[in-house]
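Asks: There's a structure below that I have some questions on.
Protein chains: 2
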Amino acid sequence: MVLDQGWFTETASEVGTAFSLRINDRLHVETSEYQTIEVYDTDTFGRLMVIDGFIMLTDRDNFVYHEMMTHPALFAHGSPRDVAIIGGGDCGSLREVLKHEGVARATQIEIDERVTRVAEQFFPALCSANDDPRAELAFADGIAWMANRDPESLDVIIVDSTDPIGPAEGLFNEPFYRSCLAALRPAGLLVQQSESPLAHTRLICDMHAAMRRAGFADSHVLSFPQPVYPTGWWSATMAAKSDGALQAPTHVAGLETHYYTPAIHQAAFAQPAFLARALQQTLDTDQK
Amino acid sequence: MVLDQGWFTETASEVGTAFSLRINDRLHVETSEYQTIEVYDTDTFGRLMVIDGFIMLTDRDNFVYHEMMTHPALFAHGSPRDVAIIGGGDCGSLREVLKHEGVARATQIEIDERVTRVAEQFFPALCSANDDPRAELAFADGIAWMANRDPESLDVIIVDSTDPIGPAEGLFNEPFYRSCLAALRPAGLLVQQSESPLAHTRLICDMHAAMRRAGFADSHVLSFPQPVYPTGWWSATMAAKSDGALQAPTHVAGLETHYYTPAIHQAAFAQPAFLARALQQTLDTDQK
């Protein structure tokens, strides 16, 4: 089988898989200070954003990712006022955060302004909350930004980054998690995209161990489907500054969502048997 | 991006996607009375079985599918003695069913004996329960087999078929569901693979409507990841002959599993918001 003209293909070399979308046209390409950004018009998934050859999102299925990166953490917290989004340049997470009326300020810290400008042009629905007076768009390095926060000034931190290679590498380690912990109020939560439960089990375990070493009291994996990412099976990792903070939501407002529901929130916390075993083994070893 | 030598690619034309696995070698190919069966040695997913160009399973990720096609239905039933598997020629579902000690007889009705013989040769782990005295391997047409059952002679029916095109088409309609209903005891359950919640929403809704019209009292979607199937997001549909039978499991034995846990069982029933709305609309319309 040969795929060439008419398809965009992302090869996940380390996973041994490739995923392709049938495309009609490439709408945009540019090389920013940080990376190459492309936009395609696909046949069945709407528009597609690609960075350095890796699929970032499509119109059709980004709702799962953006809803699961935001609503579980915001509802689990219960009364978040100050929210920071590290990365998230497509503004989809920002839009979901601002559906929560109690949020007073949502700051998006994206290193590459061009990602946001491209999203504004080609994915206007994702950027529909950018003009909300509670939204602040900062274009800066998220690691430095977090290190300079006032202590206990944030309620929820959402790390909506690319894979842990290149610019995002420094967002997956203990020093960054220490900055996050210091910036969070006592009931604060951190949620970070954490790759595929099947293909990146080791990374997930390492993230949890690093979060605990940094001082987070608790951490859990949330699993959800994401068809355009390798294996189609993705996760977020949620960590709580204080014991008991990671409870089920006591109150879920009637947001308009396509994937998230209170039952989905609970369901996402269910850990596949192999992942529960791997995590337990990692944390047991780390505590010795 | 061109994929050719060194990759096996399945194109899901109607979904507008393609999925590829890096391969080392093709180990087997044959054309049986019904279809062309291939086996590949992949680089990272173990062995791969392909039928008529469609990926059936790999060593690495079939555990999710086989566990979710069997354990939720068997545990929800609570005390299944007689189980039938329609299709399932790779014997992976049979193996999971026979982990339940209370099962007295598990009959696998696969139309193409060659699928089972190829599985025995190339996927011996999946066939490890074939010699269990409670296992019966029948090579026959599942539709006719089910139509000839004694009334109320089965506790759980598992329809582990290929896509609803070709030989499996007749397994996705009201006449077949009526045969299943008649063959089930009053507390009986039917579970059937039901494709991708994202890509095949319409099919899932049609299946539920047909099951209800056939007389099933209740039906639910179970969602789970399945990396090698289109969108990586798959489902089973479970239907109960009697009201109230589809409750949560009251008793879960300590089976050795890689994906299934009691929490995963509950979680699989959580319906994505868009799917819940589509199903409700279908069933409301159908009842008018």
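For the record, the sequence lines run as chains W and G.
The first sequence stops at residue 288 when you use full-length UniProt numbering, and every number in between is there.
The second sequence stops at residue 288 when you use full-length UniProt numbering, and every number in between is there.
Just so it is clear, CB atoms sit at the ideal spot from N, CA and C, and this is done for glycine as well.
Source: prediction; values computed, not measured.
Alpha carbon to alpha carbon, how far is MET56(W) from LEU21(W)? Give it in angstroms, no decimals.
Replies: Those two C-alpha atoms are separated by around 13 Å.
Asks: Quick check: ASP16(G) and THR44(W), are their CB atoms within less than 8 Å of each other?
Replies: Residue identity differs from the one stated: residue 16(G) is Gly in this sequence, not Asp. Cβ atoms of GLY16(G) and THR44(W): closer than 8 Å.
Asks: For PRO124(G), does the three-state DSSP call read helix, strand or coil?
Replies: Reduced to three states, the DSSP call for PRO124(G) is coil.
Asks: Quick check: the region 78–87 of chain G against the region 101–111 of chain G, are at least 3 beta-carbon pairs closer than 8 Å?
Replies: Cβ pair count under 8 Å is three or more, so yes.
Asks: Could you have a look at ALA147(W) and say whether DSSP puts it in helix, strand or coil?
Replies: In this structure, ALA147(W) counts as helix in the three-state DSSP scheme.
Asks: Using a Cβ-Cβ distance under 8 Å, would GLN266(W) count as near chain G?
Replies: Judged by the 8 Å Cβ criterion, GLN266(W) is in contact with chain G.
Asks: Helix, strand or coil for GLU136(W)? Go by DSSP, reduced to three states.
Replies: Three-state DSSP puts GLU136(W) in a strand.
Asks: Suppose you measure from the CA of LEU137(G) to the CA of PHE122(W); what does that come to, to the nearest Å?
Replies: Between LEU137(G) and PHE122(W), the C-alpha separation is close to 55 Å.
Asks: According to DSSP, what are the bridge partners of PHE8(G)?
Replies: In DSSP, PHE8(G) forms a bridge with LEU21(G).
Asks: Compute every distance between the C-beta of LEU279(G) and the non-hydrogen atoms of the ligand GTP, then say whether any falls below 7 Å.
Replies: Questions concerning the ligand GTP fall outside what the structure shown contains, since it holds no ligand whatsoever.
Asks: For SER219(G), which three-state DSSP category applies?
Replies: Of the three classes helix, strand and coil, the one that applies to SER219(G) here is strand, per DSSP.
Asks: Among ILE264(G), HIS265(G), VAL228(G) and SER128(G), which one has its Cα closest to the Cα of LEU48(G)?
Replies: Among ILE264(G), HIS265(G), VAL228(G) and SER128(G), the Cα nearest to that of LEU48(G) is on VAL228(G).
Asks: Name the residue from VAL118(W), LEU94(W) and ASN148(W) whose alpha carbon lies nearest to the alpha carbon of SER128(W).
Replies: For SER128(W), the nearest C-alpha among the options comes from LEU94(W).
Asks: Would a C-beta distance cut-off of 8 Å place THR162(G) and LEU198(G) closer than the cut-off?
Replies: Result no, Cβ atoms of THR162(G) and LEU198(G) do not sit closer than 8 Å.
Asks: Per the contact definition of three or more C-beta pairs closer than 8 Å, is the region 145–156 of chain W in contact with the region 177–191 of chain W?
Replies: A contact exists between the region 177–191 of chain W and the region 145–156 of chain W.
Asks: Given this structure, state the Cα-to-Cα distance separating TYR260(W) from ILE143(W), to the nearest angstrom.
Replies: Rounded to the nearest angstrom, the two C-alpha atoms are 29 Å apart.
Asks: Return no unless some Cβ of chain G is closer than 8 Å to the Cβ of ARG22(W).
Replies: By this cut-off, ARG22(W) is an interface position.
Asks: Using beta-carbon positions only, say whether GLU96(G) and HIS71(G) come within less than 8 Å of one another.
Replies: Yes, Cβ-Cβ distance for GLU96(G) and HIS71(G) is below 8 Å.
Asks: Whole angstroms are fine: how far does the CA of ALA278(W) sit from the CA of THR201(W)?
Replies: Distance between the alpha carbons of THR201(W) and ALA278(W) is about 8 Å.
Asks: Which residues in chain W have a C-beta closer than 8 Å to the C-beta of ALA236(G)? List them in chain order.
Replies: By Cβ distance, chain W contributes nothing, its closest Cβ being about 15 Å from ALA236(G), past 8 Å.
Asks: Flag HIS208(W) as yes if its beta-carbon sits less than 8 Å from any beta-carbon of chain G, otherwise no.
Replies: Not one chain G Cβ lies under 8 Å of HIS208(W).
Asks: Quick one: complete beta strand (DSSP E) runs, 3+ long, within the region 171–198 of chain G?
Replies: Listed in chain order, they are 184–193.
Asks: Taking 8 Å as the threshold (C-beta atoms), are ARG178(W) and ALA214(W) in contact?
Replies: Yes, the Cβ-Cβ distance between ALA214(W) and ARG178(W) is below 8 Å.
Asks: When you compare the CB positions of GLU110(G) and GLY88(G), do they come within less than 8 Å of one another, or not?
Replies: For GLU110(G) and GLY88(G), yes; Cβs fall inside 8 Å.
Asks: List, in chain order, every chain G residue whose beta-carbon is nearer than 9 Å to that of THR261(W).
Replies: Going along chain G in sequence order, the residues near THR261(W) (Cβ under 9 Å) are ALA270, GLN271, PRO272, ALA273 and ALA276.
Asks: Under a three-way DSSP split, which group does SER161(G) fall into?
Replies: If DSSP states are grouped into helix, strand and coil, SER161(G) belongs with coil.
Asks: Output yes if chain W places a C-beta closer than 8 Å to the C-beta of ALA18(G); else output no.
Replies: Chain W contact via Cβ: present.
Asks: Check the Cβ-Cβ distances between ASP131(G) and every residue of chain W, and say whether any is below 8 Å.
Replies: Cβ-Cβ to chain W under 8 Å: no for ASP131(G).
Asks: Using a Cβ-Cβ cut-off of 8 Å (strictly less than) and excluding sequence neighbours within five positions of ALA183(G), which residues of its own chain qualify?
Replies: ALA84, MET146, ARG149, ASP150, PRO151, GLU152, SER153, LEU154 and ILE157, listed in sequence order.
Asks: What is the DSSP secondary structure of MET1(W), counted as helix, strand or coil?
Replies: Confidence at MET1(W) is low in this model, with a pLDDT of 44, below 50, so its placement is unreliable and no value can be given for it.
Asks: Quick check on the DSSP output: the alpha helix (DSSP H) that includes ASP286(W) runs from which residue to which?
Replies: That run of the alpha helix (DSSP H) goes 273–287.
Asks: Leaving out five residues before and five after SER13(G) in sequence, what residues of the same chain have Cβ atoms less than 7 Å from its Cβ?
Replies: Excluding positions up to five away in sequence, the list is empty.
Asks: Please list, in chain order, the residues of the region 211–230 of chain G that have any C-beta partner in chain W closer than 7 Å.
Replies: Taking 7 Å as the Cβ-Cβ cut-off against chain W, the residues of the region 211–230 of chain G that qualify are PRO225 and PRO227.
Asks: Does PHE139(G) have its Cβ less than 8 Å from a Cβ in chain W?
Replies: Chain W, which has no Cβ nearer than 8 Å to the Cβ of PHE139(G), makes this no.
Asks: Say whether chain W places a C-beta atom closer than 8 Å to the C-beta of LEU198(G).
Replies: Answer yes: the Cβ-Cβ gap between LEU198(G) and chain W drops below 8 Å somewhere.
Asks: So, at 7 Å on beta carbons, what are the nonlocal neighbours of ALA268(W) in its own chain, with the 5 sequence-adjacent residues on each side left out?
Replies: Taken in chain order, the residues that qualify are MET68, PRO72, LEU222, SER223 and PHE224.
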